[in-house]
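Number of protein chains: 2
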Amino acid sequence: MKIGDVAKRTGASVRSIRHYEKVGLIRATREENGYRDFDEADVLLVRRIGRMIRLGFTTEEIATFLNCIVDDPATVTACPKVAAAHRLKLAAIERQMADLETRRQKLLITLKAASGQDDTSVPEAPVHAEASPIARAHPRHPGARGLFRRSS
Amino acid sequence: MKIGDVAKRTGASVRSIRHYEKVGLIRATREENGYRDFDEADVLLVRRIGRMIRLGFTTEEIATFLNCIVDDPATVTACPKVAAAHRLKLAAIERQMADLETRRQKLLITLKAASGQDDTSVPEAPVHAEASPIARAHPRHPGARGLFRRSS
DNA sequence: GTAACCCCTGACATCAATGTCAGGGTCAAG
DNA sequence: CTTGACCCTGACATTGATGTCAGGGGTTAC
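These protein sequence lines map, in sequence, to chains A and B.
Oh and the first sequence: position 72 is 72 in the numbering used here, straight run, nothing missing.
Oh and the second sequence: position 2 is 1002 in the numbering used here, straight run, nothing missing.
Okay, here's the thing in structure tokens:
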């Protein structure tokens, strides 16, 4: 099976499949003409990789536990590495959510103050607390990046 | 006042302050020797910019409404542009939170299944739903990026 | 004069998956 | 043989605030 077929059957782009191979997530035999040759197992594997990426794992993270689930889907959760990686990711996500919630609250405060504006209603503006000079910003969040850019 | 002083008093790095000037968020007069010269108002401005950035606004977004609040802190929320930008950002944040929550739930499901592993307990693995090939991934989130990298 | 700071500009690096282009093969159908 | 639809590799672009370095100059105290 050629790479274009795998792309159609998995939803991943040809570019992405080549990328997964380059970083070692999948392997492909080669035909005489140099074309990559995939089989059914590769289709399943690419789909699994896609799911992991949508969950927020990077290819590097996936590589650390993909060998645990390469053979049998039923053992996906039985491999310690998988569960460990999932717990780490879960914790990271919850940190990000907490950070977003903090920012959300501050935005809400400002907006609430804004609705009662008119003029000199707010003496010292609700421009939020003076954050410590050191503890700025939030960590970059992982997760898929290459598509549907520009949200806000 | 020189740029180093502003940095100390705002918590922003010298590099960042120069960046804010480059993108038009602040202006600085120049001394005869070419050094930037700042005043007290600039200190307040840089602090405000820092707060906005920590809230998740990009410099480009800040530029769209910074002129509303450049003079009087008390009118911060009185400018329509500010409130509009805040509402947009709020919506973006809530989208991101919803996305994170979705991923969190899927991770939890997998982990729950993992805790009841042992062996052939799960016939068809809880590897989450087969996402449509098109609607993959979540938009890149804005917000501060240059510090405290690598979280997960 | 020289060390020790400070300032300047410009450029490259970071993160990570993906898009996209250039330049070039392979192959089957017409 | 030509066209069209694939495939290949390699490279650059994207995001965006910030770090960091190179190369050069100013200022001040010794």
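By construction, the Cβ of each residue, glycine as well, lies at the ideal position given by its N, Cα and C atoms.
Computed from a predicted structure; not experimentally measured.
With 7 Å as the limit, tell me which residues of the stretch 1013-1029 of chain B have their beta carbon closer than that to any beta carbon of chain A; keep them in chain order. none
Using the DSSP secondary-structure output, state which residues sit across from residue 36 of chain A in a beta bridge. Looking at the DSSP assignment, residue 36 of chain A forms a beta bridge with A:30.
C-beta neighbour in chain B for residue 114 of chain A, strict 9 Å: Chain B, which has a Cβ nearer than 9 Å to the Cβ of residue 114 of chain A, makes this yes.
Looking only at C-alpha atoms, which of B:1065, B:1093, B:1002 and B:1068 sits nearest to residue 1032 of chain B? B:1002
Determine the direct distance from the alpha carbon of residue 1037 of chain B to that of residue 1054 of chain B, and round the result to whole angstroms. 25 Å
For residue 94 of chain A, return the contacting residues in chain B, with the cut-off set at a CB-CB distance below 9 Å. 1100 and 1104
Let me know if residue 1027 of chain B comes out buried or exposed under the rule of 16 or more other beta-carbons within 10 Å of its beta-carbon. exposed
Whether residue 1082 of chain B touches residue 114 of chain A by CB criterion (9 Å): yes
Closer than 7 Å between beta carbons: that is the criterion. Which residues of the stretch 1028-1044 of chain B meet it against chain A? none
Name, please, each residue of chain A whose Cβ falls closer than 8 Å to the Cβ of residue 1097 of chain B. 97, 100, 101 and 104
Between residue 1127 of chain B and chain A, is any beta-carbon pair separated by less than 9 Å? Since pLDDT at residue 1127 of chain B reaches only 48, below the 50 mark, its modelled position is unreliable, and the value read off the structure follows with that caveat. Yes, its Cβ sits closer than 9 Å to a Cβ of chain A.
Report yes or no: is there a C-beta of chain B within less than 9 Å of the C-beta of residue 83 of chain A? yes
Three-state secondary structure assigned by DSSP to residue 58 of chain A: coil
Measure the alpha-carbon distance for residue 1044 of chain B versus residue 1010 of chain B and round it to whole angstroms. 8 Å
Determine, using beta carbons only, whether residue 1002 of chain B comes closer than 9 Å to chain A. no
Helix, strand or coil: how does DSSP classify residue 1097 of chain B here? Helix at residue 1097 of chain B.
Using three-state DSSP, classify residue 2 of chain A as helix, strand or coil. coil
Quick one: list the residues of chain A neighbouring residue 1066 of chain B, beta-carbon separation under 9 Å, in chain order. Neighbours of residue 1066 of chain B on chain A: none; closest Cβ ~12 Å, over 9 Å.
Buried or exposed: where does residue 1029 of chain B fall if 16 or more other Cβ atoms within 10 Å of its Cβ makes it buried? Exposed: under 16 other Cβ atoms inside 10 Å.
Top-ranked residue by Cα proximity to residue 41 of chain A, from A:25, A:15 and A:111: A:25
At which residues does the alpha helix (DSSP H) containing residue 1014 of chain B begin and terminate? 1014-1022
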